[in-house]
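Undergrad: Sequential numbering of the sequence shown, starting at 474, is according to the working numbering.
Below are the structure tokens for one structure; questions will follow.
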Amino acid sequence: MLFGCVTTNQGIERKNYFPWENDTGYTQVVKNNNTLYISGITSEKISFESQVDDIYINIKKILSDYNVGTDAIVKEVIFTIDIEKLKSAIPIRKAHFDGKYPSASWVEVKRLWSESHFLEVEVVVVLP
């Protein structure tokens with residue numbers, strides 16, 4: 474899934490996971506010292522619930538590149554077009570955290586990048 478990796482000055486490392494990142498002008502993962510900043514992850518799955526599951530599966534794939542799990546996530550921001558559906562999907566989300574939850578903010582928005590996206594999740598991770 475890794476598309477590219479660039480290390481810049483001051484120990485900042487940038488990893489692209491998708492070919493469209495450069496076209497759009499962002500980097501999926503930026504590592505600064507022992508902190509990862511993971512840009513918003515979305516999904517093209519059909520249902521809200523399947524998007525929630527798919528997003529956290531993809532976050533875990535990124536985390537595995539750094540040999541950590543979801544317990545290393547310290548901050549999570551979820552943007553959603555339907556906060557009530559997000560509340561209903563709490564059990565799906567919680568299943569990915571093994572009881573160790575990050576600080577979190579959930580925000581309802583009018584629309585995301587694509588009309589097919591129901592939510593977008595960005596996280597901050599502290600590496601050991």
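The beta-carbon is built from N, C-alpha and C at its ideal position, and this holds for glycine as well.
With a threshold of 16 other CB atoms inside 10 Å of the CB of E549, please say whether the residue is buried or exposed.
TA: With 16 or more other Cβ atoms within 10 Å, it is buried.
Undergrad: Skipping 5 residues on each side, what residues in its chain have a beta carbon closer than 8 Å to that of I485?
TA: Result list for I485: V503, K504, N505, in chain order.
Undergrad: What are the start and end residues of the beta strand (DSSP E) that includes F552?
TA: Per DSSP, F552 belongs to the beta strand (DSSP E) from 546-553.
Undergrad: Run the CB neighbour count on V582, radius 10 Å, all protein chains shown included, and call it buried at 16 or more, exposed below.
TA: Exposed, since its Cβ has fewer than 16 Cβ neighbours within 10 Å.
Undergrad: Leaving aside the five residues before and after A538 along the sequence, list all residues of the same chain whose C-beta is less than 6 Å from its C-beta, in chain order.
TA: Reading the sequence as shown, one finds Asp at residue 538 and not Ala. The answer is none, since no qualifying residue turns up.
Undergrad: With distances taken from CA atoms, which of F591, A545, W586 is nearest P575?
TA: P575 has its Cα closest to that of A545, out of F591, A545, W586.
Undergrad: Applying the criterion that 16 or more other CB atoms from any shown protein chain within 10 Å of the CB defines a buried residue, is R566 buried or exposed?
TA: Buried: at least 16 other Cβ atoms inside 10 Å.
Undergrad: Taking the beta strand (DSSP E) that L509 falls in, what are its first and last residues?
TA: Run containing L509: 508-514, per the beta strand (DSSP E) assignment.
Undergrad: Between T515 and W586, which are expected to be in contact by the criterion C-beta below 8 Å, what is the C-beta distance as a whole number of angstroms?
TA: T515 to W586, Cβ: 7 Å. Contact.
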